[in-house]
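Novice: Here it is, the structure, as structure tokens.
Protein chains in written order, with the working numbering: chain A, 1 to 397; chain B, 398 to 794.
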């Protein structure tokens, strides 16, 4: 079992900061700077083009995919890393749709991350006017799973509220009517135990810059269930997903299994940072992490609710229905979050009124929760958010 | 004018190596390691999520795009960086096709990089059975530009032979019949002067890890001509191409102009390396670079042809029809290239029989050409390639 008081020392966090935003961008692991420097100086600098073989760059997307696979219940050889999450959503959804050519409806919910819905919109618009993206409220998803549905495309953990779907139940229901599933694990991988095989998920995608701590703009990953791996047709049929990329054939032949979900040249420097981040994850027991995360978030909710009647819990109260974040609603949430950040408690704000706080046991302990609650109480009880400097909006929030 | 004897000192090349493979992966600029380290340690490490604003990460794709734009004749505000070249090809081709909804044929040539053809295949396969990818020989392209053609999609400089298309003439011909053009500048950007505005190109894409020296897996770029910028519909409609990404609206609204060609979260660490690489390019006069490149490649051809009758020039003899690489055909080209690499002359091999050598005046001078010719002559005249260790093929070549 992981000792979560020891893992904190593996991260380079600024002194005095309570960083509750690892659900948006994970902090820098201490080993990453050296690892990246070696990739740049010793590998790229010294091996040049030879790095693709000698430093194993070309093998990284699959090797790193396997390491992520362990965290999400995927068998080795069924996850590959690359591109961005939006691209991977597009790729998974297109492959799923091609496996259900007689159906035209993609079902999603309004709690999905907007980019997933946008990518679906772009894809369906290109496929033709008979395709439809049907977006319902999260609580209405089950009622809308009918035999019209080609693909059920959901983000497991809601990016605003932390509300978690029941992946196994919804997937089973989708399969009953002959639909396939695409699960976005952006707020699940490294946050909660995921069992893709156990849940019979068909496709899954996720990112590595949040809970996995691989750095800003770190690449995404994609999973295709073993039974679909040789059937899924890649719409983004790039050369590195070809059966023989370096034969430079004129026509596309899909590579074996998950390899076909590779597309262009992998981002070697970002992959190096991902490798360093996964060194920590390789040691983590996800059940222990989940237990620690629930302890932290339960204490946080109790503390905030006791001290701040103006904040309304936006997350499910039952921890079993929550990911690893806690959100509160407050009309002046943007300003309140700025006031908190100015006092060293970093969460973030999501329109229109959500204050988000991520709980990441690898580097957040109970003393951080205590301190965060004290500062939130001070900001709320003394209306410290009610200052013009906190109300001016930055470009990126 | 750039002093190309001085620019060499800006690169960190292994002692004694003649690196003629900058057309595949550019070498490490000396300033890059520190730049990347600062992005990792001071920006990500200290600013955490705040880096998106404070370190200007979010603005980098457009800012770096403008700097690339200067090298390819694009006005400011019309180039953006992100994803991989394969993804950008897909994006440009899809946008061009949507602007010619009554036509179904994409014309390309067998000199195009295979991934461009593969991506077109994936896209057209999804759009429907009435779409056709028509691939002809490079010399036959002009004769096939008819009013059936929706989009002419070409790589300006052939990755194997270095043969260069006449972008302005082919674009003009395409426009005469109402077709649009997508130009891949993978072997043009930083290799030869490119004038996208002067050539009236409609769309262009390219990569930054070859001549631009941004590192393994560095991101790609895309250009949309000003007159199309507000009309082009992004099929890869990701959140960062949305008009208001942080409003988290449920439906997609395309951002202004080139901004809509952004998709997912940008690879911040790779962008940092690209920034360091472009610091060098910001000072380069492309006409002077072109003149220097021709001097080098002419001397190389003369030297090799005089000493190695077994090597047949695969590149156009007229330097005006050549990019910044020279290729020779040789049946045992793979083994010969391994023998050269073992002796410190690094070019590369492209199936079935092409030995490629890139000429990059930023860090390659006439003394490198002389030395390369001597070593090639030794390998060829003494049949040094005829050894088992040079014939065993590596996974990536």
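Every residue gets a Cβ at the ideal spot worked out from N, C-alpha and C, and that includes glycine.
If you reduce the DSSP assignment to three classes, tell me which class residue 479 (chain B) lands in.
Specialist: Looking at residue 479 (chain B) - three-state DSSP - the assignment turns out to be strand.
Novice: Looking at chain A, is there any beta carbon in it that lies within less than 8 Å of the beta carbon of residue 613 (chain B)?
Specialist: Yes, its Cβ sits closer than 8 Å to a Cβ of chain A.
Novice: Using beta carbons (cut-off 8 Å, strictly below), is residue 512 (chain B) in contact with chain A?
Specialist: For residue 512 (chain B), the answer is yes, since a Cβ of chain A falls inside 8 Å of its Cβ.
Novice: Run through DSSP, which three-state label would residue 686 (chain B) get?
Specialist: Residue 686 (chain B) falls in the helix class under three-state DSSP.
Novice: Please confirm whether residue 369 (chain A) and residue 303 (chain A) have their CB atoms less than 8 Å apart.
Specialist: Contact: yes.
Novice: Taking residue 115 (chain A) as the reference, which of A:299, A:199, A:159 has the closest Cα?
Specialist: Answer by Cα proximity: A:159.
Novice: With a threshold of 8 Å between beta-carbons, can residue 422 (chain B) be considered close to chain A, or not?
Specialist: For residue 422 (chain B), the answer is yes, since a Cβ of chain A falls inside 8 Å of its Cβ.
Novice: Compare the beta carbon distance of residue 614 (chain B) and residue 570 (chain B) with 8 Å and say whether it is the shorter of the two.
Specialist: Taking 8 Å as the Cβ cut-off, residue 614 (chain B) and residue 570 (chain B) do not qualify as a contacting pair.
Novice: In whole angstroms, what separates the C-alpha of residue 138 (chain A) from that of residue 553 (chain B)?
Specialist: Rounded to whole angstroms, residue 138 (chain A) to residue 553 (chain B) spans 49 Å at the Cα level.
Novice: Could you tell me which chain B residues have their CB closer than 8 Å to the CB of residue 235 (chain A), listed as they occur along the chain?
Specialist: Correct list: 519, 520, 522, 523.
Novice: Below 8 Å, can you find three or more Cβ-Cβ pairs linking the stretch 442-449 of chain B to the stretch 581-598 of chain B?
Specialist: No: fewer than three Cβ pairs fall under 8 Å.
Novice: Please name the residues in the stretch 488-512 of chain B whose beta-carbon is closer than 7 Å to at least one beta-carbon of chain A, in chain order.
Specialist: Residues passing the 7 Å Cβ filter: 491, 507, 511, 512.
Novice: Determine the closest residue to residue 384 (chain A) out of A:361, A:342, A:371, A:78, with distance taken between C-alpha atoms.
Specialist: Taking only the C-alpha atoms, the option nearest residue 384 (chain A) is A:342.
Novice: For residue 582 (chain B), list the residues DSSP reports as bridge partners.
Specialist: DSSP, once it has assigned bridges, lists no residue as partnering residue 582 (chain B).
Novice: For the stretch 594-602 of chain B against the stretch 621-628 of chain B, are there 3 or more C-beta pairs whose distance is under 8 Å?
Specialist: Contact holds: three or more Cβ-Cβ distances are below 8 Å.
Novice: Let me see if you follow: with CB-CB separation under 8 Å, is residue 528 (chain B) close to chain A or not?
Specialist: No, its Cβ sits nowhere closer than 8 Å to a Cβ of chain A.
Novice: Counting only beta-carbon separations shorter than 8 Å, does residue 559 (chain B) have a partner in chain A?
Specialist: Judged by the 8 Å Cβ criterion, residue 559 (chain B) is not in contact with chain A.
Novice: Going by DSSP, what residues sit across from residue 156 (chain A) in a beta bridge?
Specialist: Note: residue 156 (chain A) sits in no beta bridge, so no partner.
Novice: Fully enclosed by the stretch 626-666 of chain B, which alpha helix (DSSP H) runs are 4 residues long or longer?
Specialist: List check, alpha helix (DSSP H) in window: nothing returned.
Novice: Sort A:377, A:355, A:98 by Cα distance to residue 23 (chain A) and report the nearest one.
Specialist: The option with the nearest alpha carbon to residue 23 (chain A) is A:355.
Novice: Starting from the beta carbon of residue 249 (chain A), find every residue of chain B whose beta carbon is closer than 7 Å, and list them in chain order.
Specialist: Residues of chain B passing the Cβ test: 511.
Novice: Starting from residue 766 (chain B), follow the alpha helix (DSSP H) in both directions and report where the run begins and ends.
Specialist: Segment 763-778, the alpha helix (DSSP H) holding residue 766 (chain B).
Novice: Using a C-beta to C-beta distance shorter than 7 Å, which residues of chain B count as neighbours of residue 49 (chain A)?
Specialist: Within chain B, the residues near residue 49 (chain A) are 418, 421, 422, 743, 745.
Novice: Give a yes or no on whether 8 Å exceeds the smallest Cβ distance from residue 516 (chain B) to chain A.
Specialist: Yes, because at least one Cβ of chain A sits closer than 8 Å to the Cβ of residue 516 (chain B).
Novice: Spatial neighbours of residue 64 (chain A) within its chain, please: CB distance less than 7 Å, with the 5 preceding and 5 following residues excluded, ordered by chain position.
Specialist: Within the same chain, residue 64 (chain A) has close Cβ partners 81, 271, 274, 275, 278.
Novice: Taking DSSP as the reference, what is the three-state secondary structure of residue 331 (chain A)?
Specialist: Correct three-state label for residue 331 (chain A): coil.
Novice: What residues in its chain sit with their C-beta under 7 Å from that of residue 15 (chain A), if we drop five residues either side in the sequence?
Specialist: Hits under 7 Å: none found.
Novice: In whole angstroms, what is the alpha-carbon distance linking residue 292 (chain A) and residue 242 (chain A)?
Specialist: Taking the straight line from one Cα to the other gives about 43 Å.
Novice: Who pairs with residue 426 (chain B) in a beta bridge, going by DSSP?
Specialist: According to DSSP, which records beta bridges pairwise, residue 426 (chain B) is partnered with B:408.
Novice: So, using beta-carbon positions, are residue 482 (chain B) and residue 617 (chain B) closer together than 8 Å?
Specialist: Result yes, Cβ atoms of residue 482 (chain B) and residue 617 (chain B) sit closer than 8 Å.
Novice: So residue 41 (chain A) contacts chain B; which residues on that side make the cut at Cβ distance below 8 Å?
Specialist: Residues of chain B passing the Cβ test: 409, 425, 430.
Novice: Quick check: the Cα distance between residue 94 (chain A) and residue 630 (chain B), rounded to an integer number of angstroms?
Specialist: Those two C-alpha atoms are separated by around 18 Å.
Novice: Ignoring anything shorter than 4 residues, give me the alpha helix (DSSP H) runs that lie fully in the stretch 304-349 of chain A, in order along the chain.
Specialist: Whole alpha helix (DSSP H) segments, 4+ residues: 333-342.
Novice: Taking a cut of 8 Å between CB atoms, which residues from the stretch 648-667 of chain B lie near chain A?
Specialist: Listed by position along the chain: 648, 649, 660, 661, 662, 663, 664, 665, 666, 667.
Novice: Hey, would you say residue 364 (chain A) sits closer than 8 Å to residue 661 (chain B), going by beta carbons?
Specialist: No; because the gap between Cβ atoms is not below 8 Å, this pair is not in contact.
Novice: Of the residues A:78, A:176, A:20, which one's Cα is nearest the Cα of residue 296 (chain A)?
Specialist: That would be A:20, whose Cα lies nearest to the Cα of residue 296 (chain A).
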